[in-house]
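**Student:**
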Amino acid sequence: MSELKNPSPAVETFPTGEQPTNISRRHFLLASAGITAGAFVLGFGLPVGRARARGGASADAPDIRVPAFLEIRPDNSVRLQSPFNEGGQGVFTAMAQIVGEELDADPATFLVENAPTGKQYTITANGMRITGGSMSVRFGYEPMRRLGALARMMMLQAGARRLGVPVDELTTEPGKVVHAASGRSMSYGEIAPQALDLAVPDPDSVKLKDPKQFRWIGQPVKRLDVYDKSTGRAQYTIDTKVDGMLQAAVQHAPRLGMTVGGIRNEEKLKAMKGVHSVHRLDGAVAVVAERWWNAKQAAEAAQVDWIEPKPDPTARHMPSDFSTRAFRERLAKEPGDGQTAESEGHLATAMKQAHTVVSATYSSQYVHHAQMEPPSTLAHFHDDGKLEIWLPNQAPDMFLADIAKRAKIDPDKIILHSPMLGGFFGRHFLYGPGNPYMQAIHLAKKTGRPIKLIWSREEEFLRDPMRPMAVVRFRGGLDADGMPVALEAISATEGPGEALANKRPKKVDDSAVEGLTGKVYAIPNRRIAQLYVKTPAMLSYWRSVGHSMNDFFYETFLDELADKGGKDPYELRLKLLEGNPRLTHLLEQLADLAGGWKRGPFTAADGTRRARGVAMASPFGSQAAVMAEVSIQKGQVRVHDIWQAIDPGSIVNPAIIDAQVAGAASLGLSEVLQEEAVYEHGMPKARNYDMYTILPPDRMPRVHVRIVQSGAKMGGIGEPPLPATPPAVANAVSHLTGQRIRSMPLSQYDFGA
Amino acid sequence: MELQINGTTYPVESEADTPLLWVIRDELGLTGTKYGCGIAQCGACSVLVDGQVMRSCVTPVAGVAGKQITTIEGVEDDAVGKRVVAAWVEHQVPQCGYCQSGQVMAATSLLKQTPRPSEEQIAASMTNLCRCGTYNAISAAVHDLAGGGPSAKAMQASTNEGRARS
Numbered sequence: 077m078s079e080l081k082n083p084s085p086a087v088e089t090f091p092t093g094e095q096p097t098n099i100s101r102r103h104f105l106l107a108s109a110g111i112t113a114g115a116f117v118l119g120f121g122l123p124v125g126r127a128r129a130r131g132g133a134s135a136d137a138p139d140i141r142v143p144a145f146l147e148i149r150p151d152n153s154v155r156l157q158s159p160f161n162e163g164g165q166g167v168f169t170a171m172a173q174i175v176g177e178e179l180d181a182d183p184a185t186f187l188v189e190n191a192p193t194g195k196q197y198t199i200t201a202n203g204m205r206i207t208g209g210s211m212s213v214r215f216g217y218e219p220m221r222r223l224g225a226l227a228r229m230m231m232l233q234a235g236a237r238r239l240g241v242p243v244d245e246l247t248t249e250p251g252k253v254v255h256a257a258s259g260r261s262m263s264y265g266e267i268a269p270q271a272l273d274l275a276v277p278d279p280d281s282v283k284l285k286d287p288k289q290f291r292w293i294g295q296p297v298k299r300l301d302v303y304d305k306s307t308g309r310a311q312y313t314i315d316t317k318v319d320g321m322l323q324a325a326v327q328h329a330p331r332l333g334m335t336v337g338g339i340r341n342e343e344k345l346k347a348m349k350g351v352h353s354v355h356r357l358d359g360a361v362a363v364v365a366e367r368w369w370n371a372k373q374a375a376e377a378a379q380v381d382w383i384e385p386k387p388d389p390t391a392r393h394m395p396s397d398f399s400t401r402a403f404r405e406r407l408a409k410e411p412g413d414g415q416t417a418e419s420e421g422h423l424a425t426a427m428k429q430a431h432t433v434v435s436a437t438y439s440s441q442y443v444h445h446a447q448m449e450p451p452s453t454l455a456h457f458h459d460d461g462k463l464e465i466w467l468p469n470q471a472p473d474m475f476l477a478d479i480a481k482r483a484k485i486d487p488d489k490i491i492l493h494s495p496m497l498g499g500f501f502g503r504h505f506l507y508g509p510g511n512p513y514m515q516a517i518h519l520a521k522k523t524g525r526p527i528k529l530i531w532s533r534e535e536e537f538l539r540d541p542m543r544p545m546a547v548v549r550f551r552g553g554l555d556a557d558g559m560p561v562a563l564e565a566i567s568a569t570e571g572p573g574e575a576l577a578n579k580r581p582k583k584v585d586d587s588a589v590e591g592l593t594g595k596v597y598a599i600p601n602r603r604i605a606q607l608y609v610k611t612p613a614m615l616s617y618w619r620s621v622g623h624s625m626n627d628f629f630y631e632t633f634l635d636e637l638a639d640k641g642g643k644d645p646y647e648l649r650l651k652l653l654e655g656n657p658r659l660t661h662l663l664e665q666l667a668d669l670a671g672g673w674k675r676g677p678f679t680a681a682d683g684t685r686r687a688r689g690v691a692m693a694s695p696f697g698s699q700a701a702v703m704a705e706v707s708i709q710k711g712q713v714r715v716h717d718i719w720q721a722i723d724p725g726s727i728v729n730p731a732i733i734d735a736q737v738a739g740a741a742s743l744g745l746s747e748v749l750q751e752e753a754v755y756e757h758g759m760p761k762a763r764n765y766d767m768y769t770i771l772p773p774d775r776m777p778r779v780h781v782r783i784v785q786s787g788a789k790m791g792g793i794g795e796p797p798l799p800a801t802p803p804a805v806a807n808a809v810s811h812l813t814g815q816r817i818r819s820m821p822l823s824q825y826d827f828g829a
Numbered sequence: 331m332e333l334q335i336n337g338t339t340y341p342v343e344s345e346a347d348t349p350l351l352w353v354i355r356d357e358l359g360l361t362g363t364k365y366g367c368g369i370a371q372c373g374a375c376s377v378l379v380d381g382q383v384m385r386s387c388v389t390p391v392a393g394v395a396g397k398q399i400t401t402i403e404g405v406e407d408d409a410v411g412k413r414v415v416a417a418w419v420e421h422q423v424p425q426c427g428y429c430q431s432g433q434v435m436a437a438t439s440l441l442k443q444t445p446r447p448s449e450e451q452i453a454a455s456m457t458n459l460c461r462c463g464t465y466n467a468i469s470a471a472v473h474d475l476a477g478g479g480p481s482a483k484a485m486q487a488s489t490n491e492g493r494a495r496s
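Going line by line, the protein sequences match chains A and B.
Following the numbering used here, the numbering of the first sequence begins with 77 at its first residue and continues without gaps.
Following the numbering used here, the numbering of the second sequence begins with 331 at its first residue and continues without gaps.
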């Protein structure tokens, strides 16, 4: 995802060369998009030839692609189309805060929705609209502020017109224009009708607020979606429904690449209760029924003759002899020094001159997204040939383009909805056979009925593309004082970027090595390399991507070097950060938050023997430092406390950051403590949460957060709190048990009673 | 067969062994109750049957005919359930929200049986999975409830939120 994470700086003006337009008078268009009459509507451009009146009983698809970015309604509420989807990370609330700040409207008065497809909503400078790479707030910040400021200026102009006073005599208070001289004021909603014909000012003419005057940015504003999510009202893709809809379930081939030969009991399946039809898909059998339970029962009962694929080196087929154990051994033995991703100083010389050279091999595991909402898609072909589709996604325009290409449908004939996500963590990008939408489209075509296809949890765990596995060979050189002076890391792995492209790029896939590269410690001679080894498994982005394992490798090996060199790992890190005030401060803030650094082992008040570990990471434009306190109870690692100091430069909502840190810590803990997708004979051993266990509530530690605002360029928040968590825990466990932890998950180690 | 859900009687066509979850979601269209695993591991499908929490994905519908079923759609009609929702809003519990219907039902069941649960009782009852890692926020909300909370102010705030968002 390197190209997604490191776009050029956020644009100061607006996307794709378009300027905002006042589209309030486009009645037909707006009515079809559900916009209130009399509302002031600010949008970008206008789709050509789409404005048409809608008949009441038409079976044609509604046109939702109205570029109505911001709507101020007569009741003074504000409707905002967010370019970024909400999946738990709080981005709808953050967008309301950012726009509300400059518009001078309380974020609580906002109704935020995920914007439809269309280039108008691509507001980041890299020209891609994705909810990922921890990009939404940091790259949406400038354009969304400017949008709010423009709308405020127009409210002032309309207010001047309405009150008959010069615009410079007016000011705003939340949700209203105020004329202090006469003591009069009017709400934005009341003024909106006066703004319907105003021209939009030049975006460069608006002045953004001085951050010192911020009323909402920087405050723990309450989330807009919490009530709906506490009462079952939030609607996810799996909850969508249209008239005449049938439901579908699939049985996937046990191994990717196999195809359907025959269905031995097809007639029996067709006769099962509620079954509408049975279908052969590419690598799956599908059953369509009135109700999903009946479809699932029949899909599970299907007795399918699966055919082995013909050898094809260009395809990702899962062979019957693949096992994760054997693959890990192969990665460890893979010959070669790999392709250099980052290099500094003179590694060979430094190693030769080193007082001590430490060599060690570290490894990681495949992990699942295991988001709580199983993937689904609702596909509906209208009478006019348009495809209306609801599906979980982190990149609506990319999905639309993919559907157009693969299903051979004119992009203009696809209406794509992106409902709220029941968790994502990287699950909902384009993953070929790892997404259900092509199956749903095929079934809708075949049956002539709208189809909602839901993957059962078992089918999801069979096709969920996984976070890559890696084996890293480290060498570290220490000088006579025990300070690291040279470090080499060769990671045998395949990154998600090259896996999805299904070919090796010329330069190293950043998503394979990030977290081994980009470390901030002053180790003068180093080489980071990737030894590309293609895996048959489907790979993916997973929360914090390469960092999710690479910071584990690096930070645990750094502790190994510290121990070999007789250094305290906290003091060593401080030493290696000399001359870096931002990170020195961050690490000191972490120690302060945790009541000081004490490595232990020590006996806690409850009598348990405990130790602490520390680790750092620099992911997605932010800086993070984590301390963990652990004990061993009944042979299992118990994490008591996680302290995290995080510096994203500057912030929008500290309460959401606290929640993201707790959430990312929980996922990092789950990964380091217990998660592993194991394959034997080309098949996953676990197909549900009984065998693939995720962190349960009783393993959740206390999480303490300190947000540090260094004022550096704004970084991300959704992913950055994860990567330093696993190594902090592993470092504590290594020290407590005397057993060097070199791989995840810790559940594979025996820590005695 | 008839089901009593949230005080309403629904005629039901589904076969006797159909899991309650799918009757609620598909036949009756109450989609607040979620499907997560289908094998009673995650708890996203939790509903109340005669006030007791049950994982509806493994509960055959025939077994609950004639009993009082409460789903998340009806939770605020219950005095305890209303408090639980208010505590969830006060403590800003949900992230993606997908598991939260089940979490709210589990907490409601616990507090209906045991108004002042101990630490151990809370841990034993609140076992539903959450991939977003909202466990500490859930714990804070349940401890607030166990102590008699949330405050009248938080109750009012939740009610107002409900009105504003409906």
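Even glycine gets a Cβ: it sits at the ideal position worked out from N, Cα and C.
Does any CB atom of chain A fall closer than 8 Å to the CB of P424 of chain B?
**Tutor:** yes
**Student:** How is L300 of chain A classed by DSSP in three states: helix, strand or coil?
**Tutor:** coil
**Student:** Per DSSP, what kind of secondary structure is S694 of chain A in: helix, strand or coil?
**Tutor:** coil
**Student:** Reducing DSSP to helix, strand and coil, say where G689 of chain A ends up.
**Tutor:** strand
**Student:** Comparing the C-beta of A375 of chain A with each C-beta of chain B, is any distance below 8 Å?
**Tutor:** Judged by the 8 Å Cβ criterion, A375 of chain A is not in contact with chain B.
**Student:** Going along the chain, which residues of its own chain have a beta-carbon closer than 6 Å to the beta-carbon of G350 of chain A, five neighbours each way excluded?
**Tutor:** A365, E366, R367, N370
**Student:** To test your reading of the DSSP string, which unbroken beta strand (DSSP E) runs of 3 or more residues are found completely within the segment 327–353 of chain A?
**Tutor:** 335–339
**Student:** So, helix, strand or coil for I267 of chain A, using DSSP?
**Tutor:** helix
**Student:** Straight-line CA distance for S532 of chain A to H493 of chain A?
**Tutor:** 22 Å
**Student:** So M456 of chain B contacts chain A; which residues on that side make the cut at Cβ distance below 7 Å?
**Tutor:** P773
**Student:** Mind checking whether T207 of chain A and G251 of chain A have CB atoms under 8 Å apart?
**Tutor:** no
**Student:** Using a Cβ-Cβ cut-off of less than 8 Å, list which residues of the segment 459–486 of chain B approach chain A; keep chain order.
**Tutor:** L459, C460, R461, C462, G463, T464, Y465, N466, A467, I468, S469
**Student:** So is V318 of chain A in contact with chain B if we call contact Cβ pairs under 8 Å?
**Tutor:** no
**Student:** Looking at the structure shown, is F525 of chain A part of a helix, part of a strand, or coil, going by DSSP?
**Tutor:** The sequence given here has Arg at residue 525 of chain A, not Phe. R525 of chain A falls in the coil class under three-state DSSP.
**Student:** Is I399 of chain B close to chain A? Criterion is C-beta to C-beta, closer than 8 Å.
**Tutor:** no
**Student:** Which residue marks the beginning of the alpha helix (DSSP H) containing H661 of chain A, and which one marks its end?
**Tutor:** 657–669
**Student:** Spell out the partners DSSP gives N98 of chain A in its beta bridges.
**Tutor:** A:L118
**Student:** Tell me, to the nearest whole angstrom, how far the beta carbon of A575 of chain A is from that of V548 of chain A; I am working on the premise that it is less than 8 Å.
**Tutor:** The pair is not a contact, with the Cβ atoms about 18 Å apart (cut-off 8 Å).
**Student:** With a Cβ-Cβ cutoff of 8 Å, do R675 of chain A and D644 of chain A count as a contact?
**Tutor:** Yes, Cβ-Cβ distance for R675 of chain A and D644 of chain A is below 8 Å.
**Student:** DSSP state of P833 of chain A, grouped into three classes?
**Tutor:** Any property of residue 833 of chain A remains undetermined from this structure, which presents chain A solely from 77 to 829.
**Student:** Expressed to the nearest angstrom, what Euclidean distance is found between the alpha-carbon atoms of A181 of chain A and E249 of chain A?
**Tutor:** 8 Å
**Student:** In the DSSP assignment, what residue or residues form a beta bridge with F827 of chain A?
**Tutor:** In DSSP, F827 of chain A forms no bridge with anything.
**Student:** Could you tell me whether the segment 329–339 of chain A touches the segment 378–396 of chain A, where touching means 3 or more Cβ pairs closer than 8 Å?
**Tutor:** Taking 8 Å as the limit for Cβ pairs, the verdict is that the segment 378–396 of chain A does touch the segment 329–339 of chain A.
**Student:** Pick from A:A738, A:A391, A:T684: whose alpha carbon is nearest that of V779 of chain A?
**Tutor:** A:A738
**Student:** What residues match up with Y312 of chain A in a beta bridge as DSSP calls it?
**Tutor:** A:M496
**Student:** Using the C-alpha atoms, what's the distance from A424 of chain A back to N601 of chain A?
**Tutor:** 9 Å
**Student:** Chain A beta carbons: is any one of them nearer than 8 Å to that of E357 of chain B?
**Tutor:** Interface residue, yes.
**Student:** Across which residues does DSSP place Q382 of chain B in a beta bridge pair?
**Tutor:** B:V379
**Student:** In chain A, what lies closer than 7 Å to R495 of chain B by C-beta?
**Tutor:** Residues of chain A passing the Cβ test: Y303, D304.
**Student:** P349 of chain B versus chain A: which residues are under 7 Å apart at the beta carbon?
**Tutor:** W369
**Student:** Note down, in chain order, all residues in the segment 421–452 of chain A with a beta-carbon under 9 Å from any beta-carbon belonging to chain B.
**Tutor:** H445, A446, Q447, M448, E449, P450
**Student:** Assuming F168 of chain A and D301 of chain A form a contact by the criterion Cβ under 8 Å, report the distance between their Cβ atoms to the nearest whole angstrom.
**Tutor:** 6 Å
**Student:** When you compare the CB of E450 of chain B with every CB in chain A, is at least one pair closer than 8 Å?
**Tutor:** Taking Cβ atoms only, chain A never reaches closer than 8 Å to E450 of chain B, which makes this a no.
**Student:** Which residue from A:G224, A:V243, A:A225, A:L226 puts its Cα closest to that of Q233 of chain A?
**Tutor:** A:V243
**Student:** Should D766 of chain A be flagged as near chain B, meaning a C-beta pair shorter than 8 Å?
**Tutor:** yes
**Student:** For A453 of chain B, go through chain A and note every residue whose CB falls closer than 8 Å to its CB, in chain order.
**Tutor:** P773, D774
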